[in-house]
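Data first, discussion second: the structure below is written as structure tokens.
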Amino acid sequence: EADIYQTPRYLVIGTGKKITLECSQTMGHDKMYWYQQDPGMELHLIHYSYGVNSTEKGDLSSESTVSRIRTEHFPLTLESARPSHTSQYLCASSEFFRDTEAFFGQGTRLTVV
Amino acid sequence: GESVGLHLPTLSVQEGDNSIINCAYSNSASDYFIWYKQESGKGPQFIIDIRSNMDKRQGQRVTVLLNKTVKHLSLQIAATQPGDSAVYFCAETLDNYGQNFVFGPGTRLSVLP
Chain A
2 EADIYQTPRY LVIGTGKKIT LECSQTMGHD KMYWYQQDPG MELHLIHYSY GVNSTEKGDL
62 SSESTVSRIR TEHFPLTLES ARPSHTSQYL CASSEFFRDT EAFFGQGTRL TVV
Chain B
621 GESVGLHLPT LSVQEGDNSI INCAYSNSAS DYFIWYKQES GKGPQFIIDI RSNMDKRQGQ
681 RVTVLLNKTV KHLSLQIAAT QPGDSAVYFC AETLDNYGQN FVFGPGTRLS VLP
């Protein structure tokens, strides 16, 4: 079992609310990622980090922001949730020099009403 | 940008038969190719990867074949079991460190009793 955890698993929230999706890993991995995945569809990279104080935007434009103050923690924040943000968000981590093998959390399924 | 795609969205096989899941990629500069398995309600799980200087790599019950001439990747699962039912994603990356990988749309494998 991978030691990467996401909370909450499911979240239903009203439009305009600010939310933070949590992601923590205990493997000491430098690299962490956030992916967005609609049901049955491919994963789209929205943010990644090479290590502490490093944050980068991914391939898919996102209105979310991330921070990396500690190695093990990579939270994702939506300042003002909209229905278009409804999706599954997956967090992952990998060793910097072996990053084809990423370890994924179970995901947070977000519904904005 | 470059993309990775799959030929078939769904595949059904009888339990005990071999499965072959195909993937086409477009970036001839990609150096690593990866297969992930995603079971319902879970995050993707690494299966196997292959570097571009190889044409075949075997794991436990799985074999990945790479044909760089036609930019084609396949995952073969021997003696398919009910636990193999999942969505399978291929991904490509330019290298084994630092660069991010691009996922394809996924193939849903259903194992029939």
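Chains as they are written, first to last, in our numbering: chain A, 2 to 114; chain B, 621 to 733. Note that beta-carbon positions come from the ideal geometry of N, C-alpha and C, so glycine has one too.
| Item | Value |
| --- | --- |
| Bridge partners - Asp669 (chain B), DSSP secondary structure assignment | B:Ile654 |
| Interface flag, Leu44 (chain A) vs chain B, CB-CB below 7 Å | yes |
| Where Ser705 (chain B) falls: helix, strand or coil (DSSP) | coil |
| Neighbourhood of Lys18 (chain A) by C-beta distance below 6 Å, restricted to the same chain and skipping five residues each side | Ala82 |
| Within 8 Å of chain A by C-beta, residues of the stretch 664-685 of chain B in sequence order | Pro664, Gln665, Phe666 and Asp669 |
| Alpha-carbon to alpha-carbon, Ala699 (chain B) and Ile640 (chain B) | 11 Å |
| Neighbour-count burial assignment, Lys676 (chain B), 16 or more Cβ in a 10 Å radius | exposed |
| According to DSSP, residues forming a beta bridge with Ala711 (chain B) | B:Ile654 and B:Phe723 |
| Between the CA atoms of Thr27 (chain A) and Ile5 (chain A) - distance to the nearest angstrom | 7 Å |
| Nearest-angstrom Cβ-Cβ length linking Gln118 (chain A) and Gln107 (chain A), presumed shorter than 8 Å | No answer is possible for residue 118 (chain A): the residues shown for chain A start at 2 and end at 114. |
| Any 3 or more C-beta pairs closer than 8 Å across the stretch 66-73 of chain A and the stretch 43-56 of chain A | yes |
| Contact check, Glu43 (chain A) vs Gly663 (chain B), beta carbons under 7 Å | no |
| Gln89 (chain A) burial status per 10 Å Cβ neighbour count (16 or more: buried) | buried |
| Euclidean distance between Cα positions of Ser94 (chain A) and Leu46 (chain A) | 12 Å |
| Min CB distance Lys662 (chain B) to chain A below 7 Å | yes |
| Chain B contact residues for Gly106 (chain A), given Cβ-Cβ distances below 7 Å | Gly663 |
| Val731 (chain B) and Ser694 (chain B) closer than 7 Å at C-beta | no |
| Any C-beta of chain B under 7 Å from that of Leu12 (chain A) | no |
| Helix, strand or coil at Arg99 (chain A) [DSSP, three-state] | helix |
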